[in-house]
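K.L.:
Count along the sequence shown from 1, then add 1; that gives the number in this note's numbering. By construction, the Cβ of each residue, glycine as well, lies at the ideal position given by its N, Cα and C atoms. Keep in mind it's a predicted model, so treat the numbers as computed, not measured.
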Amino acid sequence: MKRHIPNMLTMARVILAACFFALLEFYRYPGTHQWAAWAGVAVFLIAVLTDAFDGYLARRWHVVSKFGRVMDPVCDKLLIIGGFVYLAGPAFRVSFEGQAPTGAVTGVALWMVIVILSRELLVTGLRTLLEAQGIAFGANWSGKAKMILQSAAIPTILGLILLFDPIRHAWVLTVCRGLAYVTVFVTVISIVPYLSSARAALADQTARGTE
């Protein structure tokens, strides 16, 4: 039974992500259905806790599996990318009478979402390629640091928007935008250790194949 619990926690994150997205669908800035946004923040934090526990339990009980190595980061990406898509979406865009909607009050721009998505797809592609060849390619320290920052950025930005109106408090937008930029920067540079590890793993496999 123990060997299934980490994977169950991983898959539970998919359900929690769906609940998070559904709750945010009710919210519209500046204040429509704030309860839904706060509930979404709570669900998101619970999902992040499952991410911490599934890996910890798998290592503690020595039940790390190929399924877990592949699906854990996939579920993470679903939660994180979906969260940033919502933060850059129409629910957080300001419209003034007679004017087109301006940027999102969250400070998250569409190009940021595209950059984050591109990085995640590249790492997922590398992981799929290497795992298919029997090479273990789980998350490394840079990926974990990136995930921690992303997991903190989303609820922090949401909380600031809900507690302080960015239109009345300009510092809120400044903080949110700064946090978004830092998150994107760390997300991009976190790929370097993955590329290095993938190159070394493929070179090692090639060397073994020629022996």
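Report the partner residues of arginine 29 according to the DSSP bridge assignment.
P.N.:
Note: arginine 29 sits in a beta bridge opposite Thr33.
K.L.:
Considering Cα atoms alone, identify which of Leu123, Ala204, Asp205 and Phe165 is closest to serine 191.
P.N.:
The shortest Cα separation from serine 191 among Leu123, Ala204, Asp205 and Phe165 belongs to Leu123.
K.L.:
DSSP three-state label for arginine 169, please.
P.N.:
Coil at arginine 169, not helix or strand.
K.L.:
Under 8 angstroms between C-beta atoms, does glycine 126 make it to chain B?
P.N.:
As a matter of chain content, chain B is missing from the structure shown, which is built from one protein chain.
K.L.:
Rounded to the nearest angstrom, what separates asparagine 141 and tyrosine 195 at their Cα positions?
P.N.:
Those two C-alpha atoms are separated by around 8 angstroms.
K.L.:
Candidates Ser66, Gly104 and Tyr28: which alpha carbon is nearest arginine 178's?
P.N.:
The residue with the shortest Cα to Cα distance from arginine 178 is Gly104.
K.L.:
Taking the alpha-carbon positions, what's the alanine 101 to leucine 88 distance?
P.N.:
For alanine 101, the pLDDT reaches just 43, beneath the cut-off of 50, and the residue's location in the model is therefore unreliable, although a value from the coordinates is still provided. Those two C-alpha atoms are separated by around 18 angstroms.
K.L.:
With 16 as the cutoff for other CB atoms within 10 Å, does alanine 181 come out buried or exposed?
P.N.:
Buried.
K.L.:
Tell me whether glycine 99 sits in a helix, a strand or coil according to DSSP, three-state version.
P.N.:
A caution first: glycine 99 carries a pLDDT of 44, below 50, which makes its placement in the model unreliable, though a value can still be read off. Three-state DSSP puts glycine 99 in coil, outside helix and strand.
K.L.:
In this structure, how does DSSP classify alanine 105 when only helix, strand and coil are distinguished?
P.N.:
Strand, per DSSP.
K.L.:
If you scan the region 183-211 from start to end, which runs of the beta strand (DSSP E) of 3 or more residues do you find wholly inside it?
P.N.:
List check, beta strand (DSSP E) in window: nothing returned.
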